[in-house]
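Reading through the structure tokens given below for one structure.
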Amino acid sequence: AQKVTQAQTEISVVEKEDVTLDCVYETRDTTYYLFWYKQPPSGELVFLIRRNSFDEQNEISGRYSWNFQKSTSSFNFTITASQVVDSAVYFCALSETSGSRLTFGEGTQLTVNP
Amino acid sequence: EAGVTQFPSHSVIEKGQTVTLRCDPISGHDNLYWYRRVMGKEIKFLLHFVKESKQDESGMPNNRFLAERTGGTYSTLKVQPAELEDSGVYFCASSQNLRTDTQYFGPGTRLTVL
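Put into structure tokens, the structure is as follows:
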């Protein structure tokens, strides 16, 4: 069975600090897909990134970066120079085949204080 | 392009009543998914439609839940009769096809059963 663990329930930082959100996954498949979603206070889930298991290249998008390491089954998310608008719940998710159900972690509540 | 929309945004009902939630996917998206988040836990999969057919309904908790997708467009999720443990946020997501995989979520319906 697949499982996603986000051990950090809540993180609080001061604006401009860097912050890393951890995600550890379990799956028996060799092909799988990893996702991060952001849930701002307004409630909708906003897609951030999708990676497949064959692509271990780290990715950077503006202040966001993702570190995918198959050796440790981790897909961590770093926000550089955090801003108040980054305050949200962040979810990591896994799907074992393309288009199938997502298995989510419990989410990490990030609060960025001014 | 309009995103996934859900109606209502909030619903408060009494135990034993019936509630119907509606989801309109992104136009042209064949795949439609229902998920729910109960009591701040992880977001859990309920079911997956491909067009009007149920591809995977293994996450449906019991037979009080009925999902339909008439004509392969919008979908409804009916809870009858509602129980206290059904309270939570119900999310709908859609994806264009199984190969592109990324699921885009709606804002959710917050259901409270008293």
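Here the protein sequences come in this chain order: A and B. Residue numbers are given in the numbering used here: position 64 of the first sequence equals residue 64, and the series is strictly consecutive. Residue numbers are given in the numbering used here: position 91 of the second sequence equals residue 1091, and the series is strictly consecutive. Where a beta carbon is used, it is the ideal one built from N, C-alpha and C, also for glycine. Please read these numbers as outputs of a predicted model, since none were measured by experiment.
Query	Result
When the Cα atoms are used, what is the spatial distance from LYS3 of chain A to ALA1082 of chain B?	29 Å
Look up THR78 of chain A in the DSSP assignment and say whether it is helix, strand or coil.	strand
Strictly by DSSP, which residues pair up with LEU1032 of chain B?	B:PHE1049, B:SER1094
I need the straight-line Cα distance from THR1018 of chain B to THR1076 of chain B, nearest angstrom please.	13 Å
Using 10 angstroms around the beta-carbon of HIS1010 of chain B, count the other beta-carbons present and answer buried if the total reaches 16, otherwise exposed.	exposed
What number of angstroms, rounded off, separates the C-alpha of VAL46 of chain A from the C-alpha of GLY1108 of chain B?	12 Å
Can you find the residues in the same chain that come closer than 6 Å, C-beta to C-beta, to ARG1037 of chain B, ignoring five residues on each side of it along the sequence?	ILE1043, GLY1088, VAL1089
Taking only the alpha-carbon atoms, compute the straight-line gap between THR111 of chain A and VAL85 of chain A and give it to the nearest angstrom.	9 Å
Looking only at its own chain, which residues have a Cβ that is under 8 Å from the Cβ of ALA93 of chain A, when we skip the five neighbours before and after it?	VAL4, LEU34, PHE35, TRP36, TYR37, LEU102, THR103, PHE104, GLY105
Using beta carbons (cut-off 8 Å, strictly below), is HIS1048 of chain B in contact with chain A?	yes
Residues of chain A with CB under 8 Å from ASP1056 of chain B, in chain order?	SER100, ARG101
Enumerate in chain order the residues of its own chain whose CB-to-CB distance from THR31 of chain A is below 6 Å, with the five nearest sequence positions on each side excluded.	SER53
Beta-carbon within less than 6 Å of ASN58 of chain A's beta-carbon, same chain only, minus the 5 sequence neighbours each way: which residues are those?	ASN67
Going by CA-CA distance only, name the one from B:GLY1028, B:ASP1056, B:ALA1067 that's closest to SER1095 of chain B.	B:GLY1028
Would you mind telling me which residues of chain A sit closer than 7 Å to ILE1043 of chain B, beta carbon to beta carbon, in chain order?	PHE91, PHE104
Given that GLY1108 of chain B touches chain A, what residues does it touch there, using C-beta distances under 8 Å?	GLY43, GLU44, LEU45
Who pairs with TYR33 of chain A in a beta bridge, going by DSSP?	A:ASN52, A:SER95
In this structure, how does DSSP classify VAL85 of chain A when only helix, strand and coil are distinguished?	helix
Taking the continuous beta strand (DSSP E) assigned at ALA1067 of chain B, which residues delimit it?	1065-1068
Return the CA-CA distance between SER42 of chain A and ASN1063 of chain B, expressed in angstroms with no decimal places.	31 Å
Three or more beta-carbon pairs under 8 Å between the segment 18-26 of chain A and the segment 62-79 of chain A, yes or no?	yes
Along the chain, where does the beta strand (DSSP E) that runs through LYS1078 of chain B open and close?	1075-1079
Going by DSSP in three states, LYS1054 of chain B sits in which element: helix, strand or coil?	strand
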